[in-house]
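Notes follow once the structure below has been shown.
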Amino acid sequence: MQRRARKVFWLNPEPRSYWDTGDSIVGEYATYCDGTFEVRNLRQLEAFVENLV
0 MQRRARKVFW LNPEPRSYWD TGDSIVGEYA TYCDGTFEVR NLRQLEAFVE NLV
């Protein structure tokens, strides 16, 4: 998928403080992404989209 897309972003609904703890392996996914972002609500989603343009 990464080769076919211009960019790959991982939008994670978990709080960033939980990343790579317990069974979370976001850091491993991040290796294959152009960015990983905490997106738990509409405000965070809006901020993510605004930064794309």
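Last residue of the sequence shown: 52 (numbering that gives the first Met the number 0), numbering continuous. All C-beta atoms, glycine included, are put in the ideal place defined by N, C-alpha and C.
The alpha carbon of Ala-4 has as its nearest neighbour, out of Pro-12, Leu-41 and Asp-33, the alpha carbon of Asp-33.
With fewer than 16 other Cβ atoms from the protein chains shown falling within 10 Å of its own Cβ, Val-48 counts as exposed. Excluding its 5 nearest sequence neighbours in each direction, Val-38 has C-beta neighbours in its own chain below 8 Å: Leu-10, Asn-11, Pro-12, Leu-44 and Phe-47, listed in chain order.
Contact between Val-25 and Trp-18 is confirmed by a C-beta separation of about 4 Å, below the 8 Å threshold. Looking at Tyr-31, Phe-36, Leu-41 and Asn-40, the one whose alpha-carbon comes closest to that of Arg-2 is Tyr-31.
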